[in-house]
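*Asks:* Protein chains in written order, with the working numbering: chain V, 1 to 250; chain E, 1001 to 1127; chain G, 2001 to 2117. For every residue, glycine included, the Cβ atom is placed at its ideal position computed from N, Cα and C. Can you read through this structure? Questions will come right after.
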Amino acid sequence: MAETMKLEIFRYRPEKESEPTFQIYEVPFREDWVVLDAINHIKEEIDGTLSYRWSCQMGVCGSCGMMINNVPKLSCAVFLKDYYPDKIRIEPLTGFPVERDLIFEMDDFMTKLTEMQPYIIREEGEEKPLEEGEYLQSPAELAHYKQYSMCINCMLCYAACPVYALDSNFIGPAIIALGQRYNMDSRDQGRDSRQELIASHDGIWECTFVGECSAVCPKHVDPAAAIQRAKVSSTIDWFKDVLIPWGKKK
Amino acid sequence: MSTYLRPVPNTWWLKRKPYILFMIRELTSVFVAGYCIFLLVLVYKLTQGADAYGNFMAALKSPSSVALHLITLAFVLYHTITWFNLTPKILVLYRGEERVPQGLVAGTFYAGWVVVSVIVAWLVLGV
Amino acid sequence: MAKSNEPIWWSLFSAGGMVAAMMFPILIIITGILVPFGLAGDDPLNFERIHTAVSQNDSVELTLFIVITLPLFHWAHRFRFTLVDVGLKSVSTLISILCYGGAIAGTIVAVVILWNI
């Protein structure tokens, strides 16, 4: 008698319903299966209408983020055996509008991503011509921002963040961490221009350091720490601006 | 085709343990403020003469005062522990490529706490 | 998006949080357990001793002022965000006024009382 287990999956088909429902599927239980394997099995063998995102199956692309029993996780990294024989409840990541089934709308994230200017910015006249070779960086300088460069944009941190769930104007953990990744990169000179976004009311100051973003991050980026450190540096900036207003650059 | 926005209940924080612990941490601030008010009243009684002050200090022996103090202490200790444990996230120090261990940063604050507590006790109690 | 003026409140919140973390546990133990149960010598918080210490020493008055007011600002900032987090975002301006206003009021009261000792 082959073992099975139940997956209770969030369904939303806008063309035929105005409210989401849940559908229970019974899938084979395999010791080495992850939740994504079970969902792929459903799609292939049981119900081809189920819609969801996935790609690499190995935790590097960031596509398969879902709420698994209320916790944001990568479905390719969660083993069935850790839940067997209990039922697993699967929903799209919290805080985002749902397009269809497990597919959520990422537009807000993508817009903010671009606004953070996630690339090396050099000041006017500071751009090194190609003939002069690469920008050199020591291992110690790399160590300062490396952790923040590991983000795979899976958005689990947004799903874990109650501030974002309550107010989608909040810039959010991953994007602030990304801003810090460039701010702390010794080759970058764009901190001031990113500060407009980071130090705004919708930026770091909405964060109440719940810390769940860092707890769920599959790449150990620790966005919560990135945000708190940005609070410190932004506060120092603020006092400098207020106490030494003539010291402003440009 | 419309997207569906899931409503967020105000009881969102009851759904998972990390959120409940977060809310408890945030509520410690109420007890912190409570003790500030207590100290304010104590200092006020100092301006009202020896009798008023004496009555206030005598009231500290009452069961309700002790109980309130103990509850406040529990919450304030939770504040202290969560506060110090979060300092290494904010105070990130490097020696070359190596990051200063988080335990060392937090440990320094705990050590400082012991020192401050001893000094305060020594000054206040005059022992 | 304009840069926010939150840093002033956050600085007060942080300073207050550190003061409360460092000094409140021992103070609570003193006023809640040691003194009421007579475990710390012969009435060390008696009126003569404390009144003299506060009225004669500026540093004692200053310490009391810091210990009373900074944690009030810690409460104000944290409680403000707690209320927003439980769904009161629509009245967040009113909440800010009440919270920071409360801390400022407490500060003024502390100044008045300490000035008159």
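So which of V:Leu156, V:Arg53, V:Asp167 and V:Gln189 has the shortest CA-CA distance to arginine 100 of chain V?
*Replies:* Comparing alpha carbon positions, the residue from V:Leu156, V:Arg53, V:Asp167 and V:Gln189 closest to arginine 100 of chain V is V:Arg53.
*Asks:* DSSP state of methionine 66 of chain V, grouped into three classes?
*Replies:* Three-state result, methionine 66 of chain V: strand.
*Asks:* According to DSSP, is methionine 5 of chain V part of a helix, a strand, or is it coil?
*Replies:* strand
*Asks:* Candidates V:Ile120, V:Arg229 and V:His144: which alpha carbon is nearest glutamate 134 of chain V's?
*Replies:* It is V:Ile120 whose Cα lies nearest to the Cα of glutamate 134 of chain V.
*Asks:* In terms of DSSP beta bridges, what is proline 72 of chain V paired with?
*Replies:* V:Met67
*Asks:* Whole angstroms is fine: what's the gap from alanine 199 of chain V's alpha carbon to methionine 110 of chain V's?
*Replies:* One C-alpha to the other measures close to 19 Å.
*Asks:* Pick from V:Leu80, V:Ser75 and V:Pro173: whose alpha carbon is nearest that of alanine 215 of chain V?
*Replies:* V:Pro173
*Asks:* To the nearest whole angstrom, what separates the beta carbons of alanine 1074 of chain E and proline 1088 of chain E, a pair I think is in contact under 8 Å?
*Replies:* Contact flag wrong, Cβ pair sits at about 24 Å.
*Asks:* In the segment 54-83 of chain V, which residues sit with their C-beta less than 7 Å from some C-beta in chain E, listed in chain order?
*Replies:* Asn70
*Asks:* For asparagine 1085 of chain E, would you say it is in contact with chain G, using Cβ-to-Cβ distances shorter than 8 Å as the test?
*Replies:* no
*Asks:* Provide the residue(s) that pair with isoleucine 90 of chain V in DSSP beta bridges, ordered along the chain.
*Replies:* V:Ile9 and V:Ile68.
*Asks:* What residues from chain E crowd round leucine 166 of chain V, counting only those whose CB sits closer than 7 Å?
*Replies:* Think of a sphere of 7 Å around the beta carbon of leucine 166 of chain V: the chain E residues whose beta carbon falls inside it are Val1008, in chain order.
*Asks:* Exposed or buried, histidine 1079 of chain E, counting other C-beta atoms within 10 Å across all chains shown (16 or more means buried)?
*Replies:* buried
*Asks:* Any beta carbon of chain G sitting closer than 8 Å to that of tryptophan 1122 of chain E?
*Replies:* no
*Asks:* Candidates V:Gln117, V:Asp192, V:Gly203 and V:Tyr12: which alpha carbon is nearest aspartate 241 of chain V's?
*Replies:* V:Asp192
*Asks:* Flag leucine 1014 of chain E as yes if its beta-carbon sits less than 8 Å from any beta-carbon of chain V, otherwise no.
*Replies:* no
*Asks:* Can methionine 251 of chain V and isoleucine 175 of chain V be called in contact, C-beta distance under 8 Å?
*Replies:* Outside the shown range of chain V (1 to 250) lies residue 251 of chain V, about which nothing can therefore be said.
*Asks:* What residue does the alpha helix (DSSP H) around tyrosine 2100 of chain G start on, and which one ends it?
*Replies:* 2092-2115
*Asks:* Does chain V have any CB closer than 8 Å to the CB of threonine 1003 of chain E?
*Replies:* yes
*Asks:* Within 8 Å, do at least three Cβ pairs link the segment 1010-1024 of chain E to the segment 2067-2077 of chain G?
*Replies:* no
*Asks:* Taking the Cβ atom as the reference point for each residue, do tyrosine 1094 of chain E and alanine 140 of chain V lie within a distance shorter than 8 Å?
*Replies:* yes
*Asks:* Return the residue from the list V:Asn153, V:Ser168, V:Ala159 and V:Ser234 that minimises the CA-CA distance to asparagine 183 of chain V.
*Replies:* V:Ser234
*Asks:* Is there at least one Cβ from chain V nearer than 8 Å to lysine 1089 of chain E's Cβ?
*Replies:* yes
*Asks:* In angstroms, rounded to a whole number, what distance separates the CA positions of lysine 2032 of chain G and valine 1066 of chain E?
*Replies:* The amino acid at residue 2032 of chain G is misidentified as lysine; the sequence shows glycine. Roughly 5 Å separates the two Cα atoms.
*Asks:* DSSP three-state label for proline 21 of chain V, please.
*Replies:* Note on identity: in this sequence residue 21 of chain V is threonine, with proline being the wrong assignment. Correct three-state label for threonine 21 of chain V: strand.
*Asks:* For chain E, find out if any of its Cβ atoms is closer than 8 Å to the Cβ of arginine 181 of chain V; answer yes or no.
*Replies:* no
*Asks:* For a contact defined as C-beta to C-beta under 7 Å, what are the partners of phenylalanine 2073 of chain G on chain V?
*Replies:* What phenylalanine 2073 of chain G touches in chain V: nothing, since even the nearest Cβ is about 14 Å away.
*Asks:* Could you tell me whether any Cβ in chain G is nearer than 8 Å to the Cβ of proline 118 of chain V?
*Replies:* no
*Asks:* Identify every residue that forms a DSSP beta bridge with valine 216 of chain V.
*Replies:* Answer by DSSP bridge pairing: none, since valine 216 of chain V is not bridged.
*Asks:* Does the Cβ-Cβ distance between threonine 1072 of chain E and tyrosine 1035 of chain E come in under 8 Å?
*Replies:* Closer than 8 Å, so yes.
*Asks:* Quick check on DSSP: helix, strand or coil for tyrosine 1035 of chain E?
*Replies:* helix
*Asks:* In the DSSP assignment, what residue or residues form a beta bridge with phenylalanine 1084 of chain E?
*Replies:* DSSP, once it has assigned bridges, lists no residue as partnering phenylalanine 1084 of chain E.
*Asks:* In chain order, what residues of the segment 2041-2052 of chain G put their CB closer than 9 Å to some CB of chain E?
*Replies:* Gly2041, Asp2043, Pro2044, Leu2045, Asn2046, Phe2047, Glu2048, Arg2049, Ile2050 and His2051
*Asks:* Identify each residue in the segment 200-222 of chain V for which the Cβ-Cβ distance to at least one residue of chain E is less than 9 Å, and report them in chain order.
*Replies:* Thr208, Phe209, Val210, Gly211, Glu212, Ser214, Ala215 and Asp222
*Asks:* Can you confirm whether proline 2036 of chain G, when its beta carbon is compared against all beta carbons of chain E, has any partner nearer than 8 Å?
*Replies:* Between proline 2036 of chain G and chain E, the shortest Cβ-Cβ separation is below 8 Å.
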